[in-house]
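Take a look at the structure set out below.
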Amino acid sequence: MKNRIFFALLVSICIAPALLAQQSLDALIDRELPQLVATYKMLHAAPELSHYEIKTSAFVAGQLRSLGYTVTENVGKYDNPLWKGHGVVAVMKNGDGPTILVRTDLDALPVEEKTGLPYASSVKTKNDAGQEVGVMHACGHDVHITSFLGTAKMLAQLKQEWHGTLILVGQLAEETIDGAKAMLAGGLYSMVPKPDFAIALHDNADLEAGKVAYCPGFALANSTSVEITIRGLGGHGSKPEATKDPIVVAAQTILALQTIVSRENSPLDPAVVTVGSIHGGAKSNIIPDEVKLLLTVRSYKEEVRQHILASIERITKNIAAAAGIPDDRAPIVKVSDTEVTPATYNDPKLTERLAGAFQKTLGAENVVKWPPIMGSEDFGRFSLDNTIPSCMFWLGAVEPAKVEAARKSGKPLPSLHSSLFQPLPEPTLRTGVKAMTAAVLELTRK
Ligand SMILES: [Zn+2]
Ligand SMILES: [Zn+2]
Numbered sequence: 000m001k002n003r004i005f006f007a008l009l010v011s012i013c014i015a016p017a018l019l020a021q022q023s024l025d026a027l028i029d030r031e032l033p034q035l036v037a038t039y040k041m042l043h044a045a046p047e048l049s050h051y052e053i054k055t056s057a058f059v060a061g062q063l064r065s066l067g068y069t070v071t072e073n074v075g076k077y078d079n080p081l082w083k084g085h086g087v088v089a090v091m092k093n094g095d096g097p098t099i100l101v102r103t104d105l106d107a108l109p110v111e112e113k114t115g116l117p118y119a120s121s122v123k124t125k126n127d128a129g130q131e132v133g134v135m136h137a138c139g140h141d142v143h144i145t146s147f148l149g150t151a152k153m154l155a156q157l158k159q160e161w162h163g164t165l166i167l168v169g170q171l172a173e174e175t176i177d178g179a180k181a182m183l184a185g186g187l188y189s190m191v192p193k194p195d196f197a198i199a200l201h202d203n204a205d206l207e208a209g210k211v212a213y214c215p216g217f218a219l220a221n222s223t224s225v226e227i228t229i230r231g232l233g234g235h236g237s238k239p240e241a242t243k244d245p246i247v248v249a250a251q252t253i254l255a256l257q258t259i260v261s262r263e264n265s266p267l268d269p270a271v272v273t274v275g276s277i278h279g280g281a282k283s284n285i286i287p288d289e290v291k292l293l294l295t296v297r298s299y300k301e302e303v304r305q306h307i308l309a310s311i312e313r314i315t316k317n318i319a320a321a322a323g324i325p326d327d328r329a330p331i332v333k334v335s336d337t338e339v340t341p342a343t344y345n346d347p348k349l350t351e352r353l354a355g356a357f358q359k360t361l362g363a364e365n366v367v368k369w370p371p372i373m374g375s376e377d378f379g380r381f382s383l384d385n386t387i388p389s390c391m392f393w394l395g396a397v398e399p400a401k402v403e404a405a406r407k408s409g410k411p412l413p414s415l416h417s418s419l420f421q422p423l424p425e426p427t428l429r430t431g432v433k434a435m436t437a438a439v440l441e442l443t444r445k
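Using numbering that gives the first Met the number 0, read the sequence shown as starting at 0 and increasing by one per residue.
And the structure:
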């Protein structure tokens, strides 16, 4: 009996600090939650487009400064001189120990919100082309910002439990996948130490609020935009024999491009070639001079990406040649050097370690393994070609009853970027703060 009491005492002494820390984190988040929900709704109603995150970044910087972080604003340098960098970098030093980078994105999308929520966005603005567009946090970056600010507060309050350096990055222009690149070009890693680990979360439009998901290895694809200009020799629609019709050549090219993935690429290497836009001609009886195609190319491996890009060029040029288009009117294939981002590769060891911490903090039933997707993110850039172990995990954001109904009916839920995407603020924000705080504590605990 004595032995049993001694054993029970020993067990309680051993688990007590972790349990206490867990309880104190829960209590801290409970206390903070009403303010976090209010912040979320405020951000949701005031979205800003990529490259123009001026008020959002100023708000984030002010909040982090008031929590005791050393904050640098206006970080980021674009190739386009018209865009100013509005990135935020905040640092908290807390003795010797690992350096952890936590990232949120700040930008919203040119989408007119149709959720009908009381805090829905009614913001309208002009895009770079001068067209009036609605603006909406349709990718949930407002969820990310709020979880990030909540995490910043928790870690400032729990300083006695961790050691090291925390770097918080408010990243611009994720949706246009040039923001992380701009922040690195603006000297991010010369103003802060290179991190030992980089972490981010992204909300998920298919996963229940209250849960998180993880995907070791390749989690999101690389992405490259390609513009093809097919040039012909225009003329009267009634006299095709006197022309080289770029519309027919474009149609053949689009179909032939489909054979890259189906016939040239290994079925074991995921890849996508999508022609998302075709523009040419103005009138039914005119054969135009040119047709423009806009493509997105996705894969995980860099060598697959290189192969696809070379094949696009080869197929496009040879179909034009077969149609008799002279060399000086050969198609122009332009691979974008701005709309391009590497794949997101979640370091397997780090990802499994974080998954373990999530299970302890959220309960094993709330942590699920998620398959890789062909969507893209520019978070991977912070890993400097995967030399810094990094991990982006998914945060469930949907009302559980809606997920259940969608599973039963087979009717898909509104996806990210939909005008109807509607994250459930609580418990999404609670889980976001809890998971991200647990992730940092796992890597820095004393
Ligand atoms: Zn997005
Ligand atoms: Zn996003």
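We put the CB at the ideal spot given by N, CA and C, even for glycine.
Beta-carbon proximity list for residue i, same chain, < 8 Å, skipping 5 on both sides
i    : result
V247 : A322
T430 : A208, G209, K210, V211, L361, N365, L394, G395
M190 : T71, V74, V88
K333 : V225, E226, I227, T228
A356 : A437, A438, L440, E441
Inter-residue spacing [alpha-carbon to alpha-carbon] between residue i and residue j
i    : j    : result
A155 : T436 : 10 Å
D288 : A342 : 37 Å
V122 : C138 : 16 Å
P441 : E160 : Going by the sequence as given, residue 441 is Glu instead of Pro. Whole-angstrom Cα-Cα distance: 10 Å.
V290 : V274 : 13 Å
A107 : G129 : 17 Å
N126 : P109 : 8 Å
R262 : I307 : 11 Å
E173 : I53  : 15 Å
R380 : H85  : 18 Å
K40  : G234 : 56 Å
N203 : H416 : 11 Å
P266 : L256 : 16 Å
V397 : R406 : 13 Å
F147 : A57  : 15 Å
I311 : A270 : 13 Å
L66  : L294 : 44 Å
S276 : A249 : 11 Å
A241 : G279 : 18 Å
A404 : I28  : 30 Å
L219 : K238 : 49 Å
Y213 : D244 : 50 Å
F196 : A181 : 20 Å
G231 : N264 : 30 Å
V101 : L165 : 8 Å
C-beta atoms of residue i and residue j nearer than 8 Å
i    : j    : result
M91  : Y68  : yes
A319 : A309 : no
V432 : G216 : no
H143 : T103 : yes
L292 : I259 : no
L167 : L63  : yes
P46  : V132 : no
H162 : G115 : no
P194 : I387 : yes
I198 : T340 : no
L337 : G96  : At residue 337 the sequence reads Thr, which differs from the Leu that was named. Contact flag unset, no.
F392 : A179 : no
Own chain, CB closer than 7 Å to residue i, minus 5 neighbours either side, in chain order
i    : result
H43  : Y118, S120, H136, D141
R304 : N221, T223, V296, S298
G236 : S283, N284, I285, I286
Q251 : I318
P426 : A208, G209
Three-state secondary structure assigned by DSSP to residue i
i    : result
Q305 : helix
M373 : coil
Y299 : coil
L108 : strand
H143 : helix
A438 : helix
T315 : helix
T443 : helix
L412 : coil
Y344 : strand
L394 : strand
T360 : helix
Closer than 8 Å to chain C by CB, residue i
i    : result
M153 : In the structure shown, chain C does not exist; there is a single protein chain.
Proximal residues to residue i (C-beta, below 6 Å), its chain only, five neighbours per side dropped
i    : result
P424 : V36, Y39
T124 : V134
S449 : With the chain covering only 0 through 445, there is no way to say anything about residue 449.
T55  : E47, L105
K445 : H162
What residue ranges within the segment 146-222 form continuous alpha helix (DSSP H) runs of no fewer than 4 residues, ordered along the chain?
178-184, 187-190
If you measure from each residue's Cβ to the nearest non-hydrogen atom of ligand 3, which ones come out under 6 Å, in chain order?
This structure lacks ligand 3; its bound ligands are ligand 1 and ligand 2.
Threshold first: 3 residues or longer. Then list the beta strand (DSSP E) segments lying entirely within the segment 219-292, N to C.
221-230, 270-279
Could I get the ranges of all uninterrupted beta strand (DSSP E) runs contained in the segment 76-106, with 3 residues as the minimum, in chain order?
83-93, 98-104
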